[in-house]
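Asker:
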Amino acid sequence: MKTTLSILQKVIVNHFYKLNAGLFMFLFYVLFGLPQNVGGFHIAIATLIVQSQLSLLIVFASWLLYNLKCIDYVTKQLQAPQQQFLTCIQHLGRKQSFWYLSFVQFAVYLPITAYAIFLIIIAFQHEAYLIIAELLGFVLLMLLTAPVLYVKTLERSFREPQFGLFNSSLRIPKTLSTIPLAYIWNNRKQMLFITKLFSLLLLFLFIKTFEADHYDIRPVLFCFLLSAISNCTIVFEIRNFEKDYLQLSKNFPFSRLRRFMHVIIMYVLLLLPELIFVWKAWPVFFHSADYIQLALSAVSLLLLLHTILLTGNITMDEFIKIVFAVAMSLFFIILYNPGISLPIFILLISFALFYSYYYEFEKG
Amino acid sequence: MLQLKQVKKEYITTTVLSIDELTIENGIVLLQGENGSGKTTLLKMIAGLLSFEGDIILNNAFSIEKQRTAFIRNINYAETEPLYPGFLTGKELVKLFCYAKQGSIANVELMLQQLHIYDVYKKSISTYSSGMIKKLSVALAFAGTPQWILLDEPLITADQNAIDTICAMIKEKHEKEKISFLITSHQHFNNSKLSFTGRLLAHNHTITIVE
Chain A
3 MKTTLSILQK
13 VIVNHFYKLN
23 AGLFMFLFYV
33 LFGLPQNVGG
43 FHIAIATLIV
53 QSQLSLLIVF
63 ASWLLYNLKC
73 IDYVTKQLQA
83 PQQQFLTCIQ
93 HLGRKQSFWY
103 LSFVQFAVYL
113 PITAYAIFLI
123 IIAFQHEAYL
133 IIAELLGFVL
143 LMLLTAPVLY
153 VKTLERSFRE
163 PQFGLFNSSL
173 RIPKTLSTIP
183 LAYIWNNRKQ
193 MLFITKLFSL
203 LLLFLFIKTF
213 EADHYDIRPV
223 LFCFLLSAIS
233 NCTIVFEIRN
243 FEKDYLQLSK
253 NFPFSRLRRF
263 MHVIIMYVLL
273 LLPELIFVWK
283 AWPVFFHSAD
293 YIQLALSAVS
303 LLLLLHTILL
313 TGNITMDEFI
323 KIVFAVAMSL
333 FFIILYNPGI
343 SLPIFILLIS
353 FALFYSYYYE
363 FEKG
Chain B
600 MLQLKQVKKE
610 YITTTVLSID
620 ELTIENGIVL
630 LQGENGSGKT
640 TLLKMIAGLL
650 SFEGDIILNN
660 AFSIEKQRTA
670 FIRNINYAET
680 EPLYPGFLTG
690 KELVKLFCYA
700 KQGSIANVEL
710 MLQQLHIYDV
720 YKKSISTYSS
730 GMIKKLSVAL
740 AFAGTPQWIL
750 LDEPLITADQ
760 NAIDTICAMI
770 KEKHEKEKIS
780 FLITSHQHFN
790 NSKLSFTGRL
800 LAHNHTITIV
810 E
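Chains A and B supply the protein sequences, listed in that same order.
Using our numbering, the letters of the first sequence correspond one by one to residues 3 to 366.
Using our numbering, the letters of the second sequence correspond one by one to residues 600 to 810.
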């Protein structure tokens, strides 16, 4: 029994956390690194959640998305050719297989379960017993239904789950700017949806909770860049897609400047939800004239990450470290209020990298 | 005419292709050689897909190093094993290529009809067979008004009808529009269908003209 659990742990669970290390590191930094009073911040958020059914609904929606991500990952792992040996688990019988795979689900869903326990404690203090029941019911539902899907996957009587999230394909003109976005829409819907939900939620929470005593663009710029940087995994996916499918576009007679413009348009389109949503912070947190600085900062940041990926065959682990370093450097520079010169500087660096490495880059 | 000067392609420390001087005259040129002899590398270098040391000059006018956009405008390329995003339709891909190469969509559509894949034109590429994708890639290589078309193994996975059609298309384009072709192939070409004006041999990591 121990051996089986150990194999599942190594093959599926550890790989899941390794794959999503960037996301977890980022969340950890945002949730525990940014607030000055970590305890007070989290208790305030938890109180807000347990006192409102609407807030709880939003939390359940985000947990459900996370669960879909887990299910998607685990079922793909169970179907992967290199994991074919795991099918031997089903020889132990359905019940036994269910409990083994419940362990997998419990392990990958642990961050949510831990936070749910925290919410239950807060709800208990506020005597919100209905909320406690809802929290327990939801978490148990997530923990116990997913393993049923995993068992069916192992039995190969189960087709790859289709969750029906935006099943329609993107009907937009296909240009070099939009094809990578169409790929993300078609093939990485969950990633896109979770990223956008997270980045917009971050902006929303900032706008609702931050109280400025005087006009200063830096707090909203700081938050907006965090929102933009949460798109880093999408940037990585876009570059991977370009490496695999758009190499032939190097044979198109476009100048480097025109190609760079295509990338700019692509990231403006990708950041469109954030670029629109940030207007909720107007006019309290930024004036109309400062919008250009906000927008340019976010777009140039993603451009920089994109062009860094042109410099070599960078792995996801390496990329996350680079993103972290870039984010830290930028946030430190923002403290000195460099104004519009910062995004222009980033844009110039990005173009220099693009100009130097676009044709040099070859898939390793 | 393509002039290759001091062209060298290395991967880490391994030289895969090294050409001191080579002039490829206009015409229909066959490039032959064993697997791994550098045929595809040469085609990809001329098409601008791979970086390399040295320079390639087109018709004594455009250098890939100095006038890259103008050079590339005159070179079209079809890969051995084309890989296109499965969610795109053939029509979307044709539109993209014709926009980039400033070519006529109607002309490419006509070729797709000749190659008997026009009925799947509006369907996702994920539904195409490998033979259909290959035919699409060959048709896309004819988009626009290039001076050279580079075809890497254009006949693999093609049925006899498609082979005849592709040969006829190459012959017609060369005779009517003076487009030159550099073709790699392991398959035997029927001389009555297509005759070559020149032959190149890839061997020992270099390219030589076969007299």
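Beta carbons are placed, not taken as given, at the ideal position from N, Cα and C, and that holds for glycine.
Please confirm if the stretch 47 to 61 of chain A is in contact with the stretch 117 to 132 of chain A, defined as three or more CB-CB distances below 8 Å between the two stretches.
Answerer: Output reads yes: the stretch 117 to 132 of chain A touches the stretch 47 to 61 of chain A.
Asker: Return helix, strand or coil for Trp747/B, following the three-state DSSP convention.
Answerer: In this structure, Trp747/B counts as strand in the three-state DSSP scheme.
Asker: Let me know if Phe342/A comes out buried or exposed under the rule of 16 or more other beta-carbons within 10 Å of its beta-carbon.
Answerer: The sequence shown places Ile at residue 342/A, not Phe. Under this definition Ile342/A is an exposed residue.
Asker: Taking the beta carbon of Asn339/A as the centre, do at least 16 other beta carbons fall within 10 Å, making it buried, or is it exposed?
Answerer: So Asn339/A counts as exposed.
Asker: Going by DSSP, what residue range makes up the beta strand (DSSP E) through Leu629/B?
Answerer: Where Leu629/B is concerned, the enclosing beta strand (DSSP E) stretches over 627 to 632.
Asker: Counting contacts by CB-CB distance shorter than 8 Å, is Tyr357/A in contact with chain B?
Answerer: Judged by the 8 Å Cβ criterion, Tyr357/A is not in contact with chain B.
Asker: Skipping 5 residues on each side, what residues in its chain have a beta carbon closer than 7 Å to that of Ala669/B?
Answerer: The residues are Phe661.
Asker: Assign Met330/A to one of two classes, buried (16 or more other C-beta atoms within 10 Å of its C-beta) or exposed (fewer than that).
Answerer: Met330/A is exposed by the Cβ-count criterion.
Asker: Anyone know if the C-beta pair for Gln713/B and Thr744/B falls short of 8 Å?
Answerer: Contact flag unset, no.
Asker: CB Gly781/B to CB Glu364/A, shorter than 8 Å?
Answerer: According to the sequence displayed, residue 781/B carries Leu and not Gly. No. Outside cutoff.
Asker: Please confirm whether Asn169/A has its beta-carbon closer than 8 Å to some beta-carbon of chain B.
Answerer: Because the pLDDT at Asn169/A is just 48, under 50, the model does not fix this residue reliably, and the value given afterwards should be weighed accordingly. Asn169/A does not count as touching chain B.
Asker: CA-CA distance, Tyr111/A and Ala148/A?
Answerer: Computed Cα separation, rounded: 10 Å.
Asker: I want to verify the contact list: residues of chain B whose CB lies under 9 Å from the CB of Ser179/A, in sequence order.
Answerer: None at all; the shortest Cβ gap to chain B is about 11 Å.
Asker: If you measure between the beta carbons of Tyr75/A and Leu7/A, is that distance less than 8 Å?
Answerer: It is not a contact, given that the beta carbons lie outside the stated cut-off.
Asker: What is the residue span of the beta strand (DSSP E) that Lys792/B lies within?
Answerer: Neither: Lys792/B is in no beta strand (DSSP E) and is coded neither H nor E.
Asker: Whose Cβ in chain A lies nearer than 7 Å to the Cβ of Leu753/B?
Answerer: Going by the sequence as given, residue 753/B is Pro instead of Leu. By Cβ distance, chain A contributes nothing, its closest Cβ being about 15 Å from Pro753/B, past 7 Å.
Asker: Between the stretch 215 to 223 of chain A and the stretch 135 to 155 of chain A, can you find at least three pairs of beta-carbon atoms closer than 8 Å?
Answerer: Short answer: they don't touch.
Asker: How about Asp246/A: is its C-beta nearer than 8 Å to some C-beta of chain E?
Answerer: Of the protein chains in this structure, namely A and B, none is chain E.
Asker: Thinking just about the alpha-carbon of each residue, which of Gln605/B, Lys722/B, Ile716/B is nearest to the one in Lys733/B?
Answerer: Comparing Cα-Cα distances from Lys733/B to each of Gln605/B, Lys722/B, Ile716/B, the minimum goes to Ile716/B.
Asker: Compute the Euclidean distance between the alpha carbons of Phe206/A and Leu36/A, then round it to the nearest angstrom.
Answerer: Approximately 16 Å, taken between the alpha carbons.
Asker: Which ranges does the beta strand (DSSP E) cover as unbroken runs of at least 3 residues, wholly within the stretch 663 to 734 of chain B, from first to last along the chain?
Answerer: Fully enclosed beta strand (DSSP E) runs of 3 or longer: 674 to 677.
Asker: Would you call the CB atoms of Phe795/B and Leu641/B closer than 8 Å?
Answerer: Contact flag unset, no.
Asker: Just to confirm, is the Cβ distance from Met600/B to Ile623/B under 8 Å?
Answerer: For Met600/B and Ile623/B, yes; Cβs fall inside 8 Å.
Asker: Excluding sequence positions up to five away, which residues of its chain have a Cβ less than 6 Å from the Cβ of Lys282/A?
Answerer: Result list for Lys282/A: Ile209, in chain order.
Asker: Near Phe165/A, what residues of its chain come up, given a Cβ to Cβ distance below 6 Å and the 5 sequence neighbours on each side ignored?
Answerer: With a pLDDT of 43 at Phe165/A, under the threshold of 50, the modelled position of that residue is not reliable, and the figure given next carries that caveat. Hits under 6 Å: Leu70.
Asker: Just the C-alpha distance for Gln98/A and Ile134/A, rounded to the nearest angstrom, thanks.
Answerer: C-alpha separation (whole angstroms): 30 Å.
Asker: Please report the distance separating the alpha-carbon of Thr614/B from that of Leu682/B.
Answerer: Computed Cα separation, rounded: 26 Å.
Asker: For Ile611/B, count neighbouring Cβ atoms within 10 angstroms of its own Cβ and tell me buried if that reaches 16, exposed if not.
Answerer: Exposed: under 16 other Cβ atoms inside 10 Å.
Asker: On a Cα-Cα basis, can you pick out the residue from Gly635/B, Glu771/B, Gln631/B, Met644/B that is closest to Lys607/B?
Answerer: Nearest of Gly635/B, Glu771/B, Gln631/B, Met644/B to Lys607/B, Cα basis: Met644/B.
Asker: Looking at the C-beta of Phe238/A, does it have a partner C-beta in chain B at a distance below 8 Å?
Answerer: Cβ-Cβ to chain B under 8 Å: no for Phe238/A.
Asker: To the nearest angstrom, how far is the alpha carbon of Gly95/A from that of Glu157/A?
Answerer: Their Cα atoms are separated by approximately 11 Å.
Asker: With distance defined between alpha-carbon atoms, name the residue in Thr783/B, Ile724/B, Lys700/B nearest to Ala742/B.
Answerer: Selected option, being the one with the closest Cα: Lys700/B.
Asker: Using alpha carbons as the reference points, say which of Val15/A, His17/A, Ser352/A, Val270/A lies closest to Thr180/A.
Answerer: Ranking Val15/A, His17/A, Ser352/A, Val270/A by Cα distance to Thr180/A puts Val270/A first.
Asker: Tell me, please, whether the stretch 302 to 320 of chain A touches the stretch 232 to 252 of chain A by the rule of three or more beta-carbon pairs shorter than 8 Å.
Answerer: These segments touch.
Asker: Between Pro285/A and Tyr293/A, what straight-line distance do the alpha-carbon atoms span, to the nearest angstrom?
Answerer: Between Pro285/A and Tyr293/A, the C-alpha separation is close to 10 Å.
Asker: Can you tell which of Cys72/A, Gln249/A, Val106/A, Glu276/A has the C-alpha that lies nearest to the C-alpha of Leu1/A?
Answerer: The requested residue 1/A does not occur in the structure, where chain A is confined to residues 3 to 366.
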